[in-house]
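Asks: Next up is a structure, given as structure tokens.
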Amino acid sequence: MSVMDDFTAEVRAAVSTALADMGADGTEFAVEPSSMENVDLAVPCFTMSKVLRKAPQAIADDLASRIAPSGLISAVASVNGYLNFNIDQAAMVGGVVGEIVARGTGYGHHPSTGLRVNLEHTSTNPTGPIHVGRARNPVIGDTLARCLKRCGHEVTTEYYVNDVGKQVVILTWGVNNVSDEEAAAEAEEHAKSIGQNEKERDKTDHRLVANYRVANKRMEAEPEVQACISDMLRRFEDGDAEVIGTVRHTAEIMLDGLRETLSNINVTLDRYTWESDFIADGSARDVVERLKTSDYAGQTDDGAWYLDLKDFGIQGKNTKFTFTRSDGTTLYTTRDLAYHLDKFTRADRVIDVLGEDQKLGSKQLCSALEILGNEKMPEPLFYSFVSLPEGKMSTRKGVVVYLDDLIDESVSRAYEEIRSRRSDMPEERMREIAWTVGVGAVRYNIVRVQPEKQFVFKWEEALNFDGNSGPYLQYVHARACSMLRKAGEYSHDTDASKLTDEYEVRLVSALSRYSDVLDAAGNGGRIHMLPAYGHEVASAFNQFYAAVPVLDAGPRRDARLTLVECAKTVLADVLDCLGMGAPEEM
RNA sequence: GGGCUCGUGGCUUAGCCAGGAUAUAGCGCUGGCCUUCUAAGCCAGACGCCCCGGGUUCGAAUCCCGGCGGGCCCGCCA
């Protein structure tokens, strides 16, 4: 139990007792953080008004007169129908600082729950590089995973590789039948047609798009290519091990490039699950057999099977959920069903980070799982798409910004920044810090906005290193580190009577809220709270920094250094939770 | 056409789910602060019919209904 929890409990107990004195035992009330400055917790008395048949202000007055400051409660006041409470400042400061010193980086983390959480994210088709329209997925997913771990859960992250279907088959044909010269010519021509030079990259995901484009073109123009691809597709559907093997191999090569990009933004996944496995092991087929026996199942004249989901809250003409083709082969959704059943054998909670275009599909999936008798449902977390000022992103039209390009641009921008201010630093070190800062800016910029809001990608915003940005938080961390370096030897001093400045109290108060924020971000799935919190802590630190001297603070020096260390500790963990590096200088 | 979703100062954004006290923060703008711990910073200031119209309520940015505007979805694709 933290000091803040104890305080809340004391307030609750005091109000309950006071209500009992008034003969209103058991009246419901809320204890909430106040929007007023200088008030720590508030109890609104409006809801009690009806039950007690008295004006809110009168109730608050009455309650206030019955509650005397004691324990952690340092003040009680009745204002505008609210009962306002203040926490004992020394107890709060001492408690929080003491706890951070004692727990270090584990401060704010929740005790282990033993709950197994499976978090699927990214899962982009292995047919091309990741562009910023899709980049929200890995960043949201990875940040959520880090939050959930801090909430005490056992988290496994997972990428579902779509190595089945026409797209990957075409790509496979392209990789195996298009010559290097042909691919190079295509790449050049494409660059010319979209009026820009795409960066030459020795990464499989970028290199292979040319093969993919050539394959598509030739398939349209040459009947024998068309036939060959159709044949491959048919053999794939029939479970031909050789075809499935080569297609999977292509997807693997492509995935290497995607993994490199992900690793560049500090995203690594625990597990990769291949869609083709659900065909190979027969589990997709089992799903089909089980669904056929359900009361909701039906068959079209052509022989395709479907579920009628009109009783599952799905409206209009979307009620038919097809789960086999007329030739009996399975569909993406059927395999996704098998995949989800598999996930539930491995986890207690299943979370899917999905683009908003998957909303209907996800709902249908849940209905089908219900029909199959699955008790738990996957919890989808949807994000809206990122577009460009000129419109929707499209690789084909060249209206696209690749994540790799964004990272490069951000890193080189960070390099220019650091070079302009730190001429003393060796080249190698500048490069290293530029990387940390550049990548941090990219990640922060993506998680800071609520997932369900669509956003338009603008370079000047993505490369903003001021104010509400990743580098702002990193800068504070570097500042704190610099002070601690210059301080040399000091010993921990958690004496609250030496930390009484209003900026110190505000900083500690911000630090005290970390565990609540992790809960909201992780368990509540509201990860955008985390960057906002980081900004709040950083801002409180900068204000403290500007107003309060530390290194020559006389008898308060050690206490202030301890506070600086606390802020550094919390900020370092916030940065890590955001998947960002915490540079010690910049 | 139907369903889902978003709409908050010039721009971006928090608060909305669990309705309450002066609506959060950033960019940009105006002005001030580097011979003191990193100015990627700090301080001060201007800028708001919380999309519109009804309803519920003592009280609505928040809940309900109806509009308007943007996005997404409505394949025997993945």
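Under the working numbering, residues 6 to 591 are what the first sequence spells out, in order. Heads up, the beta-carbon is just placed ideally off N, CA and C, and yes, glycines get one too.
1) For a quick check, are the C-beta atoms of residue 419 and residue 343 less than 9 Å apart?
2) Please state whether the Cβ-Cβ distance between residue 512 and residue 583 is less than 9 Å.
3) Since residue 62 is in the alpha helix (DSSP H), which residue starts that stretch and which ends it?
4) Please list, in chain order, all residues of the same chain as residue 592 whose beta carbon is under 7 Å from its beta carbon, the five residues on each side excluded.
5) Three or more beta-carbon pairs under 8 Å between the stretch 98 to 114 and the stretch 356 to 363, yes or no?
6) Could you give the distance in angstroms between the alpha-carbon of residue 502 and the alpha-carbon of residue 95?
7) Given a cut-off of 9 Å on the beta-carbon distance, is the pair residue 162 and residue 238 in contact?
8) Got a sec, what are the start and stop residues for the beta strand (DSSP E) residue 159 sits in?
9) Answer with buried or exposed for residue 459, where buried requires no fewer than 16 other C-beta atoms within 10 angstroms of its C-beta.
10) By Cβ distance, which residues of its chain are closer than 7 Å to residue 187, with the 5 residues on each side in sequence left out?
11) Could you tell me if residue 332 is buried or exposed, where buried requires 16 or more neighbouring beta carbons within 10 angstroms of its beta carbon?
12) Out of 83, 412 and 41, point me to the one whose CA is closest to residue 50's CA.
13) Assign residue 460 to one of three DSSP states: helix, strand, or coil.
14) Relative to the C-alpha of residue 138, which residue among 392, 415 and 439 is closest?
15) Could you tell me if residue 53 is buried or exposed, where buried requires 16 or more neighbouring beta carbons within 10 angstroms of its beta carbon?
16) Name the residue from 216, 150 and 349 whose alpha carbon lies nearest to the alpha carbon of residue 379.
17) Taking one C-beta from the stretch 166 to 179 and one from the stretch 264 to 283 each time, how about it: are there three or more such pairs within less than 8 Å?
18) If you draw a straight line from the C-alpha of residue 133 to the C-alpha of residue 527, how long is it?
19) How long is the line joining the alpha carbons of residue 541 and residue 89, rounded to whole angstroms?
20) Please state if the CB of residue 383 and the CB of residue 145 are separated by a distance shorter than 9 Å.
21) With a threshold of 7 Å on Cβ separation, who are the neighbours of residue 440 within its own chain once the five nearest residues in sequence on each side are excluded?
22) Which one of 32, 293, 154 and 13 has the shortest CA to CA distance from residue 330?
23) Which residue marks the beginning of the beta strand (DSSP E) containing residue 313, and which one marks its end?
24) Taking 8 Å as the threshold, find out whether the stretch 515 to 535 comes into contact with the stretch 484 to 504 through three or more Cβ pairs.
25) Would you say the stretch 436 to 452 touches the stretch 172 to 180, given that touching needs at least three Cβ pairs under 8 Å?
26) So, at 6 Å on beta carbons, what are the nonlocal neighbours of residue 495 in its own chain, with the 5 sequence-adjacent residues on each side left out?
27) Among residues of its own chain, excluding the 5 on either side of residue 248, which ones have a beta-carbon nearer than 7 Å to its beta-carbon?
28) Can the beta-carbon of residue 77 be found closer than 9 Å to that of residue 15?
29) Give the single residue among 403, 39, 8 and 214 whose Cα lies nearest to the Cα of residue 183.
30) Does residue 246 pass the burial test, meaning 16 or more other C-beta atoms within 10 Å, or should it be called exposed?
31) Assuming residue 422 and residue 486 make a contact with CB atoms under 8 Å, what is their CB distance in whole Å?
32) Comparing alpha-carbon positions, which option in 205, 302 and 412 lies nearest residue 313?
33) Given that a residue counts as buried once 16 or more other Cβ atoms are within 10 Å of its Cβ, and exposed if not, what is residue 189?
34) Let me check one thing: in DSSP terms, what residues is residue 327 bridge-paired to?
Replies: Straight from the coordinates:
1) no
2) no
3) 61 to 71
4) Nothing in the structure corresponds to residue 592, since the chain is present only between 6 and 591.
5) no
6) 7 Å
7) no
8) 159 to 166
9) exposed
10) 219
11) exposed
12) 83
13) strand
14) 392
15) buried
16) 349
17) yes
18) 31 Å
19) 23 Å
20) no
21) 416
22) 293
23) 310 to 313
24) no
25) no
26) 563 and 566
27) 237, 240 and 241
28) yes
29) 214
30) exposed
31) Wrong, their Cβ atoms sit about 18 Å apart, outside the cutoff.
32) 302
33) exposed
34) 311
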